[in-house]
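In mature numbering (1 follows the signal peptide of the UniProt record, and there is no 0), the protein residues as written are -17 to -1, 1 to 756.
No residue lacks a Cβ here, since even glycine has one placed at the ideal position from N, Cα and C.
Note that the coordinates shown come from a computational prediction; the quantities given were computed from them, not determined experimentally.
Beneath this line is the structure, given in structure tokens, with notes to follow.
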Amino acid sequence: MATYIIIFSLAIRNVCAIAYNLSFFPPCRSDVVYIVQTLQLRLYSDIQCIYLKMAAAFRIKHAFRLGRSLSRLLNRNLQEKSVYSQCQRLSVSYNYARHLSSQPEVQTTEYHNIIKDTEKAIGESAKHEFQSETQMLLQIVAKSLYSDKEVFVRELVSNASDALEKLRYLCLSNNEVTQVAGDRSLEIHIGTDKQNRILTIQDTGVGMTREELIANLGTIARSGSKAFLEKLKEQNSSDTSKIIGQFGVGFYSAFMVADKVEVFTKSFARDAEGLCWISDGSGTFEISNADGVQPGTKIVIHLKPDSREFSDENTINRKYISDKDVLTYVVLHTFNKIYLLLIYSGIINKYSNFVGSPIFVNGKRTNTIQPLWMFDPKDVTSLQHAEFYRFIGNCIDSPRFVLHYSTDVPLSIKALLYFPEEKPGMFDLARDTTSGVSLYNRKILIKSKAENILPKWLRFVKGVVDSEDIPLNLSRELLQNSTLIGKLRNVLTARILKFLNERSTKQPEDYNEFYKTYGLFLKEGIVTSNDQSEKEDIGKLLRFESSATAPGELISLPQYCSRLAKDQKDIYYLSAPSRTLAEQSPYYESLKKRNIEVLFCYEPYDELVLMHLRQYKTNFLTSVEKEMRDDTEANKPENLGIINKDELDNLVNYMKKILDKKAYDIKMTNRLESHPCVVTVQDMASARHFIRMQSHQMNEEMRYSMLQPRFEINPNHPLIKKLCKLTTTDIELADRLIQQLFTGAMVGAGLIEDPRILLTPMNELLTLALQKY
């Protein structure tokens, strides 16, 4: 089946206009570099699809050649070697390179493997039964506890890391252990045997004695690591943060994929015996002595036929494109070379990339990226942050702000969070966009793109959260302790809000740029949050233009409150498409005359946001339309100045007759100066929002019945004075003027979305006026 691919949808002239601005690419002498904006391409092969995200900078003539080559090669069975060999045929040289990393690159030619088939069970084996409850729980673990089979690799690597950290601690605290261990390297090795369906995981850690084998591998939820931590606590040791999981449950996840599991182990103790543990998960296990066992633990997993893929190195340490992977290519032209950077992800790269000990897969080192969140913030450079951000976020920009955060109260948290610099794309704005933050426990991945550790409105934040308090006794995939996760979410959200507030004070220009790009997410937070305190914390971060500041200058709610008039208790805001229209609004006239500051909201959803916010501290947020409607003093005859009351009463009655049910009430007001009339409704912001959402489902009568608009007229305006006389001298013209004034006021209030409704009546009115005058 044909593979469809779209490359370079932008015209060449647009491509050529974007040049030389990727900060993490080295400069290119005098060569002209053309930047092709990030493209997301979908390729179809049979019913499979993969995603290709490509950011390219290279000469145009080579770009099309590379594009044609990739389009021919990218399919379901594409291998890295075929890409490499095809690239070699191009007229320039293509070098395979790893992803940018702040850690020195490990030599790919180095081969180091301790896995050897020297172990052999000897003597008679002792048969043991699992504890009664263990037999039942074993089925739960093996069949339903984990949502993805591949997590068994993560669990076993976590256990291996536990064993290494235990030995490291004992060496530091006990000289005798140091002498016994010698200069042993603390490593984890993984071996694959595709032909025999075998996966081997071996560590050089503490190993186990016969008693520990029975205790740790004979009982579910019995944890060697847990007991070790309790011992450390009794000694008042603070070095407990490196022990990763609870050994029992994680180990038994191997039976999701295994017909049989063999464990060869030898304790670190002097003169320790080699042991062999074997079980098929049916309810019993056997333990015997073994020869040829190296210090540490070796787990040999005999895979079921339907799990044979875990004996393939490409599954454990994937180097090809599969239908589930995201592949990022960054191609750049520099010094007459094009570097093809292939970012691939296998199970180790996905879950255990940041384990503190080296991990080797078939003799090749695989985990080389440093866990920057575990470092002291003062020891991490901005360049390291930029590179790490690009790695975890799959981005090509740099972070605008970096929050490197660590606390032990109320939870143990180490977080490294990045706030992007580039503008969010169309798909980033959607609420179903996945989270950009991954959850770890002591450098082991619990959940990639964890949805529930930050609220939805913070989905633009990228980074890592590492918490030791997340329970590991059950599936990390399910994150069952929702109360604890909720507490984690609240702590992180509060810290992010505090951090952004600090940035707005210390780096106001940078924050304003951030707000222009990501302010929409903050406003979403106010609308969706159920906590008034959190809403007000987000409210501090909002920025608006004000009637008291120059155009383009933004202020915050705290700044507005700091200069409230003596008797003013409300924060006034006005919704308008632009500053010009806001300053010309009839609703603003009275407050302007009284020298009261008003916030200008230019986006249609701004007033909806402020309506949800309701108040900031003790000050209520009030729209100027509501303030005008509630000011009943302005409608009293004694406050209208010198007027002909009888004429105006007749005009009001005449207007009620003409407008009929359109106007709920008609009153005179002294709040207008340059405008003849205005419309007010009970809750203007809600009314406008409702009209935008539901107007297509309502006829005119239903709309006016729901809105109940009050028509307020300025008795001192020349147009109103003239209209008083027209009601007796020219009824036809008076009728059209009244209809036009009312409709214009409705449009000005935003209660009629399409102003074209004014066009035909306006033309008829002008025609009639010109005929008579």
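**OP:** Taking 8 Å as the cut-off, decide whether the C-beta atoms of GLN723 and PRO744 are in contact.
**Re:** Here GLN723 is near PRO744, since their CB atoms are less than 8 Å apart.
Subject >> Candidates GLY408, VAL510, SER450 and PRO534: closest to TYR423 by CA position >> reply: Its Cα nearest to that of TYR423, the residue SER450 stands out among GLY408, VAL510, SER450 and PRO534.
Original post:
Near LYS645, what residues of its chain come up, given a Cβ to Cβ distance below 6 Å and the 5 sequence neighbours on each side ignored?
Top reply: TYR687
**OP:** Compute the distance between the beta-carbons of VAL363 and ASN350, then report whether it is under 8 Å.
**Re:** no
Original post:
Can you name, in chain order, every residue of its own chain whose Cβ lies under 8 Å from the Cβ of THR726, other than the five neighbours on each side?
Top reply: ILE735, ILE740, LEU741 and PRO744
Original post:
Which residues in the same chain as SER224 place their Cβ atom closer than 7 Å to its Cβ, once the five residues preceding and following it in sequence are excluded?
Top reply: Note on SER224: pLDDT 36, under 50, position unreliable in the model; the coordinate value appears next. So the list reads ARG425 and GLU451, once near-sequence residues are dropped.
Original post:
Out of curiosity, what's the CA-to-CA distance linking THR652 and LYS704?
Top reply: 14 Å
**OP:** Just grab the DSSP bridge partners of ILE105 for me.
**Re:** ASN272
**OP:** Answer yes or no: do SER530 and LYS575 have a C-beta to C-beta separation smaller than 8 Å?
**Re:** yes
Original post:
Using 8 Å as the Cβ pair cut-off and three pairs as the minimum, do the stretch 266 to 273 and the stretch 160 to 178 touch?
Top reply: The answer is no - the stretch 160 to 178 does not touch the stretch 266 to 273, with fewer than three Cβ pairs under 8 Å.
Subject >> LYS549 classed as buried or exposed, judged by whether at least 16 other C-beta atoms fall within 10 angstroms >> reply: exposed
Subject >> Minimum length 4: unbroken alpha helix (DSSP H) runs contained in the stretch 455 to 524 >> reply: 465 to 489, 491 to 511 and 515 to 522
Original post:
What number of angstroms, rounded off, separates the C-alpha of GLY233 from the C-alpha of ARG373?
Top reply: 31 Å
**OP:** Pull up the DSSP beta-bridge partners for SER450, would you.
**Re:** ILE396
Original post:
So what does SER584 bridge to, in DSSP terms?
Top reply: Reading off the sequence, residue 584 comes out as Cys, not Ser. In the DSSP output, where bridge partners are listed per residue, CYS584 has SER558.
Original post:
Over what stretch of residues does the alpha helix (DSSP H) that includes ASP145 continue unbroken?
Top reply: 134 to 156
Subject >> As assigned by DSSP and simplified to three states, the class of ASP245 >> reply: It is worth fixing the name first, because residue 245 is Glu in this sequence and not Asp. Reduced to three states, the DSSP call for GLU245 is strand.
Subject >> For LYS110, the three-state DSSP class (helix, strand or coil) >> reply: strand
**OP:** Please look up how many angstroms separate the CB atoms of GLY502 and ARG526, rounded, as I've assumed it's under 8 Å.
**Re:** 7 Å
Original post:
With a CB to CB cut of under 7 Å and the five nearest residues on each side skipped, what residues in its chain are close to ARG383?
Top reply: If we look at ARG383 and ignore the five residues flanking it on each side, its Cβ neighbours are PHE402, PRO403, GLU404, ASP493 and PHE497.
Original post:
With 16 as the cutoff for other CB atoms within 10 Å, does GLY165 come out buried or exposed?
Top reply: Under this definition GLY165 is an exposed residue.
Original post:
Are PRO569 and GLY731 closer than 8 Å when you measure CB to CB?
Top reply: Against a cut-off of 8 Å, the Cβ pair of GLY731 and PRO569 comes out as a contact.
Original post:
Just reading off the alpha helix (DSSP H) that GLU572 is part of, what are its end residues?
Top reply: 572 to 576
**OP:** Could you tell me which residues DSSP pairs with ILE171 in its beta bridges?
**Re:** ASP186 and ILE342
**OP:** Would you check if the stretch 235 to 246 and the stretch 257 to 267 touch, i.e. whether three or more CB-CB distances between them fall below 8 Å?
**Re:** Yes, they touch.
Original post:
What's the call for HIS95, buried or exposed, on a 16-neighbour Cβ count within 10 Å?
Top reply: exposed
Original post:
In whole angstroms, what separates the C-alpha of LEU286 from that of LYS439?
Top reply: Taking C-alpha positions only, LEU286 is separated from LYS439 by approximately 40 Å.
Original post:
What span of residues does the alpha helix (DSSP H) with MET745 cover, start to end?
Top reply: 742 to 755
Subject >> Host alpha helix (DSSP H) of TYR687 (start-end) >> reply: 683 to 690
Original post:
DSSP beta-bridge partners for ASN179?
Top reply: Paired residues: none, contrary to the question.
Original post:
How big is the Cα-Cα spacing for GLY346 and GLY329?
Top reply: 16 Å
Original post:
Does the Cβ of THR750 have 16 or more other Cβ atoms within 10 Å, making it buried, or fewer, making it exposed?
Top reply: exposed
Subject >> Best match in LEU604, LYS489 and ASP589 for proximity to TYR543 [C-alpha to C-alpha] >> reply: LEU604
Original post:
Buried or exposed: GLN86, going by 16 or more other Cβ atoms within 10 Å of its Cβ?
Top reply: In this prediction, GLN86 has a pLDDT of 44, which is less than 50 and means its spatial position is unreliable; what the coordinates show is noted afterwards. Burial state of GLN86 is exposed, judged by a 10 Å Cβ sphere holding fewer than 16 other Cβ atoms.
**OP:** Classify GLY535 as buried or exposed, calling it buried when 16 or more other Cβ atoms lie within 10 Å of its own Cβ.
**Re:** exposed
Subject >> Rounded C-alpha distance that separates GLU256 from SER141 >> reply: 24 Å
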